[in-house]
Each structure stands twice: as structure tokens, then as C-alpha cells.
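Numbering (our numbering), first residue to last: -13 to 810.
What follows is one structure encoded as C-alpha cells, with my remarks underneath.
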């Protein structure tokens, strides 16, 4: 792609030197280019910049340096050399930043490389706000895009990811920390969007307001630069101002001081960086370009595409509109970008409270952080996710798009960088996040509706698909999040909570609040109809998904091998049939462990969905038989017969419980599972082990005698036993072996018990019941016979040896388990 400037060409000697450097290997090319940059003047380098960027990032005629393929692990890797040359403080970025300060130095960028939605808007006579002061119209030719040096660099950097050449490679960055391009992005994010305001880079000079983006200016004067004065252009400008008024509190600025102008000039670099990435990575399929397209033209299903084909752009028949499908690497970088944006926005200092005597103003950087999501990213992120939910192939790669969505709707996970804050999925969602949920309400509701439509087409016997459903149900059912969602919907859709029937009017319906109507008009298509998140229509969709979950579990349980009868005693010692059984596969290519994990994900997903929508399992619409009509609901008797056949042998078997200090308590879901035979408790004795019924392998007389003897000793020496048990020395640890309580203080009872019973079971005591077992008596008899005939020991010597064995056993256990309470 040819690039031109508005000044005379540099000397041919400089150009020839750069051309000679381009032909060298990378490990020699980067140092030589750095030397040329350091030894040449900015005037000479200004004409070299476009060709240098084409050589690095590629074009239609240039393959580029292959920044998407250079990794650390490759032999003779050029990773370090390229990272140093292209890094935020490398020689190339330093040159670019210095050239940007010259407001008269402009470069042309090919109009055809702009995102398809932007090109169509400009060709139709509408000028996006971001391109104010960047486009020039000359007679009847196509518009000319003119950029500063820094903008030109970021345009080339961003276009490389979505270029046809990179898409054709179909690479898969399983470890992004090894590849140059994502590592460069990570460094640029840390540099241009620092979490600490003191880390904001010191750029060469303040940028003149003549080349500033309209975002921070927030003035309607920018409308004068529009190529036309049509109503469409004006309405889009009003929407931007309305969003600023609704979602961000903009304070009027007084006369700015030189310090303020310097800070705002530094923010320009961060603002431009975010806007350019969002323009090229999130705006390839804006929902605007699909308005007016008939469903017949969009009937081609993406599920029939192979993964490599789905990354190629295609055209809607009869519309001329290009539709772009992002690659896996594209989605990965978008998610990385959104994570850092959350960290950046959440690092803003609390908004100062003004007093009647003094007006407090936020710093420009904090205002930029607070306005970044609603004014720059919200619409583009929504369009990116909505397109992915509608068009992504029905395969396991959809998890990348799903995790990107879950990243955006969970800003509370990204308060401070670090593994501690990134793994708190189960934390309670604080009420302070309600404004974010309200301002991004369609991300939770409309996109969940799209997910339901996709989930109903998934095969839930796949462990990846089951995990996808589990992840969504888990996130939306985080503690306090369902309550916040209901409160937000009640605020935005009040009429639905005043009437018994569900109302699902369009976005112009009067029952919708102003904020929700604005969100819909800004983010969605004109024909969009809002569906109540917690209304009957959504509940019906969720019930259908629950039916699929139960069906998948039924299929899995039917394929599992039958459980063989357990053998005990001598027969269990002589049974070697398990050595010749193949237990590696249970269902298809999945092992038994994977099947158990799959069923566990399905169980947890169903439980979270029941809780999220406050559904009663008895209200569930059951699958209809082939003879039933569509939508037929089974009666109670039919429902019971179906549930009795659903996963009676699946894992886990224990009903849903919540654990309390007095033991597990059944939840409503657990009672339903227990009554309908879906799960059951394993039958076993959980009380005082000394009082359990006498077993067939025990001598009944000895059991009663030893119990009375143990009870007498425990009563007579209760205080002494407790004192020994609580000692911290070796005697105390040995006492924990001999007088271990049946129930450890840290162990939760496995069945409901009274406080008195729990306290009794946690009291240290002596138990001699094990001596009544026929097996123990047999071992003691064999030991006596061995000592008698081998060494001639009598009863006294036998008792001494037995006592020594008991002491050695207690000492060994006390030394090997020093930090835990020992349990029987």
C-alpha cells in the first residue's frame, strides 16, 4: 500500500540504507534500523515511517516480520530483539511520539483498510466522531484519511490482527506469553493505560486541541467537521451526548491551567490508543450495518462451517455488506484488552464530594477512566459479542467468546492485578456494582437470551459444552447478583412487576424506563423487542434447557456399566476379576472420571439455574414423548415416572444440602431430589460408634463388657484424659492417638444432630470395642502362638511385648502426623 506525506521526499541515500536493512535477518535488522533512527534527523525519518511500518506489520505487497509467529521457544529466536525494538520505550515508538507532536505532519492511510461498518457510514455521508479532523473529501473521489505518526503506527498495529494474511494462517496461541504480538499488546496496555496515575508516561509535548479526539472535549462544535448535515449525523451526535449525561457525570470545566492542559495532553495518548484498538478489533461487525437485512439473507448457518472457514469474511447476499468472523487469537486479545480496561477503570479514585463552600473536581485522568466504558467501548463490545453469539460455529471454540463475555460482565474480579483477585468467582457481588449492572443491563439480559438459543442447540453430552453451560449458570448465580439483576430490571421495566402476565413490548413501549430505552436504541437494532429477564418467556426457555440437561444425564447414566455386587470377607481377597476389566472408557471416548466430571457440571448448572430464576422443580415442563404435541406438559404422575428413571445411578448421589454447624440441612432442591429418587444418601451409621448395633463379626458378650469397662474408665479419669489430650508435647500427641474423639472438632457432621450429641462425640475418650472383633482376636491369638513357639514367651512376656507394640504404634503415629487431630 503506498503512503504519501505532505512534504518533499527524503534523500535517496536514507531510503537506500533502510531498504538494505530490510533484507537482513531480524537479529541484524533491528539493531541496524535502531542505528539508522538514532543517526538520522526527524525530517529525514518522517518520510521513511510509512514504508517502515509496512515492512514491519505487512501489507498487500509486504509479508511483514511475522510478529504472530515469533516465539520465545523457537531456536535462535528473535523474540528479545524484536520486543526491544518495538517496545513502548523502544527506538521506533520514541520516534513516532516525537513525530506526532508536529501537527502539520500527516500521513495517508488506505481507506479500504478501515472496518467495514466505518467505510459504509462514511460512504453514506455520516462521519463517525472518531474520524473528525482525520478525513478529507476531494471532489468526487473517495475520502482521504490523514493521520499523525502515533495514530498511523497504531492503525498498522491494529490492522495486522484482522488482516487477511494473518487470518489465513489460522494460528492458535495457546500460550500468549510466548508470542511477540500479544506480548507487545500487554506492554502497550501497561504503558499507555497505567493503573497508577503516577506511572503515566511523560510524553514529549501536549497535543494541540486541533487534533484531539472529540471524546474528551465533549463539545458540539465537532459537528461542523461533518461532511454532511443530514439528520443521521446529528442524531448520532446527540446519542453520544445523551450517553455522557446518563452514564457519566460530566462536570463543567473552568478556564484550564497550563498544568491541566499538560495532563489532558498526556491523556490524549491513552485515549487514542483505546479508541484505535476498539475501532479495528471491536467494530468489524457493528449492528448498524445489519439493520434492514432480511432474515432470509442471513439464513446461512455458521454451524455448517469448518473452523478454518469461519474466520474468513463473507458478504450478505443482496446487501453488499461484509461480515467478518474473528479468529481465536483475535478473541483472546480482546479478552486481554477488556481485562486491562477493567483494571484501569477500577483504579480511578473515588469521585470527590463537593461542599457548599468549595467545588471539588476530579483529575482529567480519573474522568477519563470513568467515561471510558460508556463513551468508547460499550457499544463496540456489545456489537462484537452479539455478532459472536449469533454467528460463531457450534464447536468447543465458542468458549473463548463466552469467557470474553463473562470477563466484561464481572468487573468486580479485576480490582487489583494478581491471582487472588482473578479467581474470586464465588465472592459476593457488592451492591456498589449496581450502577455498572444498570448501565450495562443488556449485556446481562439480551446476551443471556442469545446464549440460551445457542445452548439449546448444543450436545450436552460433550464435556466442553456442559462446562460452558455450567460457567454461565455459575457466574449469573453469584451471591447477590440475581437480586441486583432483579432490582435493575424492576427499575427499568416496572410494569412487568406490577402485573401478573409478562409484557414484552418493543423498545418504544412506554413501560420501559428512559435509560433502558436509550440502551436499546443505542446498542440494538430497531426491530429489537426486549424480553423480560425474569418473565415467563425466559423461564420457558430455561426450562427447555433444563430438560436437555436431564436428558443428557439420562443418556450418560444409561451408558455407564452396571455396578457389581460388592464382596466381603475372604471372598473379596480371592476376587481377581477387577484386574481384567477395562474401566478406561465409560461413554464414547470419555473415561469414567470425565463422565463423573461432566455429570457434576450438569448437576451444578441445573441447580444454579433453578436458584437464579427461583424455579420450583415441580413446575418443570418435562420432555414430551413422540406422541405428544409441541409444548405438552406432563402431569404429576407422568413427571414422577420420568424422574424416577433420570440418573438414579449418576454421580454425585448425595442430595443438594447446605452445611450448618449442626450438620447438613436439605435445601428445597435436595428435598425434590430425595422425594423423586434422583439422589439418595448413602446409608450408614453416623452416631456414637460405641453404641452402634452389634455386628456379625463381633462377639456380643465382649462388646457389652468392653463398653462398660471403657465407660467406667472414661468416667473415672475424664479430667486426666482431657488434660493429656490437650498437651502440646509428645505425650499429648500420643494421647490424641489413644483417646481420639469420634468426631474431630474441624469435621462437619454428615447427618443432622443435636448440639449435645455433637459435643459428646467431640469429647476425647477411650474406646476398647475394637477388641471384640473376631478378626482382632484372631490376630492376637496368632501373635501369641508365634511368640510362644518361637521364643517361648509366656502370658506375662506376651503382655509386655503387646504393650511395647502399642507404645511404638502410638509414638510412630504421633511423629508422622504432628499437625492434625487424629481420628479413629
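Glycine is no exception: its CB is placed at the ideal position from the N, C-alpha and C atoms.
Asked: With distance defined between alpha-carbon atoms, name the residue in 666, 701 and 689 nearest to residue 675.; Found: 689
Asked: Between the segment 27 to 36 and the segment 77 to 95, can you find at least three pairs of beta-carbon atoms closer than 8 Å?; Found: yes
Asked: Classify residue 45 as buried or exposed, calling it buried when 16 or more other Cβ atoms lie within 10 Å of its own Cβ.; Found: buried
Asked: Reducing DSSP to helix, strand and coil, say where residue 311 ends up.; Found: coil
Asked: Tell me whether residue 169 counts as near the ligand NAD, meaning its Cβ is closer than 6 Å to at least one heavy atom of that ligand.; Found: The ligand NAD is absent from the structure shown, which contains no ligands of any kind.
Asked: Can you tell me whether residue 373 is buried or exposed, with buried defined as 16 or more other CB within 10 angstroms of its CB?; Found: buried
Asked: For residue 717 and residue 743, what's the separation of their Cα atoms in angstroms?; Found: 28 Å
Asked: Classify residue 62 as helix, strand or coil using the three-state DSSP reduction.; Found: coil
Asked: What does the Cβ neighbour count give for residue 368, buried or exposed, with the cut at 16 atoms within 10 Å?; Found: buried
Asked: Please state whether DSSP places residue 759 in a helix, a strand or coil.; Found: strand
Asked: Relative to the C-alpha of residue 712, which candidate in 334, 749, 729 and 693 has its C-alpha closest?; Found: 749
Asked: Do residue 598 and residue 397 count as a contact pair if the criterion is CB distance below 7 Å?; Found: no
Asked: Under the rule that 16 or more other beta-carbon atoms within 10 Å means buried, what is residue 103, buried or exposed?; Found: buried
Asked: What do you get for residue 50, buried or exposed, if any count of 16 or more other CB atoms within 10 angstroms of its CB means buried?; Found: buried
Asked: Using the rule of at least 16 other Cβ atoms within 10 Å of the residue's Cβ for burial, across every protein chain shown, is residue 98 buried or exposed?; Found: exposed
Asked: So, at 6 Å on beta carbons, what are the nonlocal neighbours of residue 587 in its own chain, with the 5 sequence-adjacent residues on each side left out?; Found: 452, 453 and 456
Asked: Helix, strand or coil, according to DSSP, for residue 653 in the structure here?; Found: coil
Asked: Go to residue 93, then tell me how far its beta strand (DSSP E) extends in each direction, as first and last residue.; Found: 93 to 95
Asked: Over what stretch of residues does the beta strand (DSSP E) that includes residue 132 continue unbroken?; Found: 130 to 133
Asked: In whole angstroms, what separates the C-alpha of residue 90 from that of residue 311?; Found: 37 Å
Asked: Return the CA-CA distance between residue 770 and residue 784, expressed in angstroms with no decimal places.; Found: 7 Å
Asked: Per DSSP, which residues does residue 644 bridge with? Please list them.; Found: 651
Asked: Got a sec? Which residues, its chain only, sit under 6 Å from residue 678 by beta carbon, not counting five neighbours each side?; Found: 671
Asked: Alpha carbon to alpha carbon, how far is residue 6 from residue 12?; Found: 13 Å
Asked: Can you tell me whether residue 110 is helix, strand or coil according to DSSP?; Found: coil
Asked: Relative to the C-alpha of residue 727, which residue among 746, 715, 714 and 740 is closest?; Found: 746
Asked: Consult DSSP for residue 415 and reduce its assignment to one of helix, strand or coil.; Found: coil
Asked: Counting pairs of beta carbons, one from the segment 762 to 781 and one from the segment 689 to 707, are three or more of them closer than 8 Å?; Found: no
Asked: Please confirm whether residue 128 and residue 269 have their CB atoms less than 7 Å apart.; Found: no
Asked: Between residue 812 and residue 137, what straight-line distance do the alpha-carbon atoms span, to the nearest angstrom?; Found: Nothing about residue 812 can be read from this structure; the chain reaches only from -13 to 810.
Asked: DSSP state of residue 258, grouped into three classes?; Found: helix
Asked: Taking only the alpha-carbon atoms, compute the straight-line gap between residue 172 and residue 721 and give it to the nearest angstrom.; Found: 57 Å
Asked: Counting only runs that start and end within the segment 664 to 745, where is the alpha helix (DSSP H) found for 4 or more residues in a row?; Found: 686 to 702, 704 to 711 and 716 to 724
Asked: Quick check on the DSSP output: the alpha helix (DSSP H) that includes residue 43 runs from which residue to which?; Found: 28 to 43
Asked: Identify the residues that DSSP records as bridge partners of residue 57: which are they?; Found: 165
Asked: Assign residue 122 to one of three DSSP states: helix, strand, or coil.; Found: strand
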